[in-house]
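Just below is one structure, and these are the notes that go with it.
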Amino acid sequence: MADQPGGDEKVPVEEPTAPRTAETQGPDANPSDANSPKAQDPEPPPTPQATQGLAAANSPRRGPHPALIPVVVLGAVLLLMLGLVGFGNPGAREVLDTARVHTPSAVPTSAAPTTPTPSTPTPTPRTEITVDEVKAVATAQGDALRAGDLNAFLAPYDQAKPELVAERRRVFANLRLIPFTRSAFRWDRVSSGSLSARDGGPVNADVSIEFVHQIPGVDLAPAVQTYRWTISRETIGAPLRITAVTNDDPQAWDLAELVKVERPHVILLAATADRAKTAQWADRAETAAKRDLALWKGPADIPSRFLVFASPDVATFGRAYGGDTPEGTVAFCSPVLRDRDDPGTDPARPIAGSRITWDTDAKGMSAYDAQTGVMRHEMGHALMAGFSGTRAGRIPLWVVEGFAEYLEWADLFGDYYAPDAREYVRGRAFPGKIPTDDQIYGDDPEANGVNYHLSMTVIRYMVDKYGAAKTYTFVIAVYREPGSVDAALKTATGLDRAAFEANWAKWVKSHV
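Numbers given in the numbering used here equal positions in the sequence shown, counted from 1, plus 1.
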């Protein structure tokens with residue numbers, strides 16, 4: 002399954018400081034500034050005595066009265082002393098300057114009414130589970146699996162649920178049988194519930210956990226299987242517990258206690274109750290695999306091995322299928338999706354590999370030919386699954402089932418014919434048309450069987466008439482782009498659909 006560039010950084014602009022003028026300078030002004038013309042205080046207005054002196058200066062000069070001479074001399078001396086002591090003191094000058102500056106008294110104002118600040122309520126402590134905690138548990142599950150540490154694997158599960166613990170113990174043992182080249186559990190998302198309670202009580206949630214794995218030869222890329230964990234924490238500070246594990250798409254390792262048998266092209270898994278039969282089943286599956294691979298005329302990037310689960314009974318087979326299986330179904334092939342986060346994932350090829358499940362308890366499935374035949378059919382699906390594209394549309398079933406049936410019947414075509422199919426094509430009811438999806442997956446098992454067989458004859462006719470290489474190229478093209486079936490047919494045969502169908506109808510009447 003990129004950081005956005007930030008905007009331009011704003012650089013603060015310093016506002017220019019207005020020069021201080023004499024009007025704005027107060028008692029805190031720099032004394033040195035007072036020497037400038039603008040900083041000097043204005044001359045006080047002349048006093049009446051000074052005015053009289055000026056007038057006297059313009060009048061005829063007279064000498065002082067002799068009796069006033071001592072008084073004048075004494076006053077001059079006192080003024081000189083005051084100038085030296087008082088006016089020579091900078092502090093005194095400041096006091097005088099300040100006294101000349103009139104500062105109006107502040108006008109009293111009424112205070113605005115204050116609004117009390119509301120108190121912030123103390124948050125209620127809540128029980129929580131963090132995403133990082135769940136991620137850590139998932140990572141530890143993968144670490145324990147790879148290390149073979151059963152106790153560490155079981156540690157997060159609710160030990161008060163013995164059935165859950167026993168089931169996880171069995172899954173651990175089954176997974177240890179598989180020769181994975183990669184196996185890890187990974188957090189995906191919260192699927193229901195919440196990771197936070199409203200208070201200090203219990204918190205429960207369902208989370209999706211992905212099992213990322215790859216089986217060499219079987220998977221062309223890492224595959225993903227999704228589990229759903231129910232996780233719980235009883236109260237604040239309590240341990241995180243896994244209380245349930247479910248899966249909508251269970252694999253063999255989820256369904257039974259397993260044994261494993263390997264062959265060069267097959268990994269066969271079976272229930273422990275069928276241990277005595279597994280060697281024979283594995284040998285027959287190996288025969289089918291070798292024959293399908295020998296017939297292959299397509300690209301080389303296909304599976305070289307097949308994972309086969311020999312289901313012990315109908316109930317287990319149904320669980321593997323994901324519900325009730327269609328009547329007459331004895332085996333199926335399930336593709337598994339690639340890991341979307343794998344850097345090597347090709348978006349045009351979303352399928353990583355396939356899992357084959359076979360109902361060993363089905364009627365008529367004990368004979369050698371029946372077992373090898375059904376394996377060849379399902380392995381045909383597995384070979385083609387990796388070419389499934391992402392284009393909208395369903396691959397026509399006559400191509401899907403016809404190709405798989407072709408591999409199953411390739412060595413039996415001259416020895417065995419479906420009597421019902423023969424009767425149908427030789428009768429008047431046969432329209433000479435390729436079967437539709439509804440005719441292949443219909444409600445009537447017998448009619449389905451006939452149309453399976455007819456779909457096979459379409460592919461067999463193409464191989465006989467145009468060659469295996471062109472036929473394989475046609476099938477792969479339709480898997481990649483289901484809507485291109487008519488164009489792909491024209492490329493492979495040079496004919497439009499109507500002309501091709503007419504030629505096939507003549508051929509099938511003489512060969513079935």
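Using N, Cα and C, we set each Cβ at its ideal position, and we do this for glycine too.
- For residue 211, there is no enclosing alpha helix (DSSP H); the enclosing beta strand (DSSP E) has its first and last residue at 204-215.
- DSSP, reduced to helix, strand and coil, places residue 129 within a strand of the structure shown.
- Secondary structure of residue 189 (DSSP, three-state): strand.
- One alpha carbon belongs to residue 244, the other to residue 169, and they sit about 11 Å apart.
- For residue 282, DSSP records no beta bridge to any residue.
- Annotation: residue 434 to residue 336 spans about 30 Å, alpha carbon to alpha carbon.
- Counting C-beta atoms within 10 angstroms of its own C-beta, residue 287 has 16 or more neighbours from the protein chains shown and is therefore classed as buried.
- Taking the Cα positions, residue 464 is about 14 Å away from residue 512.
- Note that the C-beta distance between residue 338 and residue 219 is not below 7 Å.
- Membership of residue 357 in the beta strand (DSSP E) is indicated by the continuous run 352-360.
- The DSSP assignment places 486-494 as complete runs of the alpha helix (DSSP H) inside the stretch 474-506, in order along the chain (cut-off: 4 residues).
- Burial is judged here by how many other beta carbons sit within 10 angstroms of a residue's own beta carbon; residue 473 has at least 16 and is buried.
- By the neighbour-count definition (other C-beta atoms within 10 Å, threshold 16), residue 427 is an exposed residue.
- In this structure, residue 270 keeps its C-beta atom at 7 Å or more from the C-beta atom of residue 283.
- Setting aside the 5 residues that flank it on each side, residue 313 is surrounded in the same chain by 257, 271, 272, 274, 275, 361, 362, each with a C-beta closer than 8 Å to its C-beta; the list follows chain order.
- About 32 Å separates the beta carbon of residue 419 from that of residue 390, a gap too long to meet the 8 Å contact definition.
- Taking a contact as a CB-CB distance under 8 Å, the pair residue 157 and residue 241 counts as one, their CB atoms being some 7 Å apart.
- Each residue's CA atom was taken as its position, placing residue 237 and residue 210 some 24 Å apart.
- The straight-line gap separating the alpha-carbon atoms of residue 354 and residue 422 is approximately 33 Å.
- Beyond the five residues adjoining it in sequence on each side, residue 431 comes within less than 7 Å, by CB distance, of 425 in the same chain, given in chain order.
- Your pair residue 200 and residue 127 checks out as a contact, with CB atoms roughly 6 Å apart and the cut at 8 Å.
- Inter-segment contact for the stretch 178-192 and the stretch 139-156 is present: three or more beta-carbon pairs are separated by less than 8 Å.
- Going by C-alpha positions, residue 483 is about 41 Å away from residue 174.
- About 13 Å separates the beta carbon of residue 400 from that of residue 462, a gap too long to meet the 8 Å contact definition.
- Contact annotation: the stretch 394-410 touches the stretch 443-457, with at least three C-beta pairs closer than 8 Å.
- Among the bridge pairs identified by DSSP, residue 261 is matched with 270.
- DSSP places residue 237 outside both helix and strand once states are collapsed to three, so it counts as coil.
- Residue range 163-178 is occupied by the alpha helix (DSSP H) that includes residue 171.
- In the structure shown, residue 375 falls within a helical segment according to DSSP collapsed to helix, strand and coil.
- Per the coordinates, the alpha-carbon of residue 324 lies some 10 Å from the alpha-carbon of residue 317.
- Between residue 321 and residue 352, the C-beta spacing is not below 7 Å.
- Sequence-distant partners of residue 438 (beyond 5 residues in either direction) whose C-beta falls short of 6 Å from its own C-beta, in its chain, are 398.
- Contact check for residue 289 against residue 376 passes: the beta carbons are separated by less than 7 Å.
- Shortest Cα-Cα distance from residue 291 to any of 161, 306, 442, 178 involves 306.
- Each of 233, 212, 178 was checked against the Cα of residue 226, and the nearest Cα belongs to 212.
- Between the C-alpha atoms of residue 392 and residue 342 there is a straight-line separation of about 20 Å.
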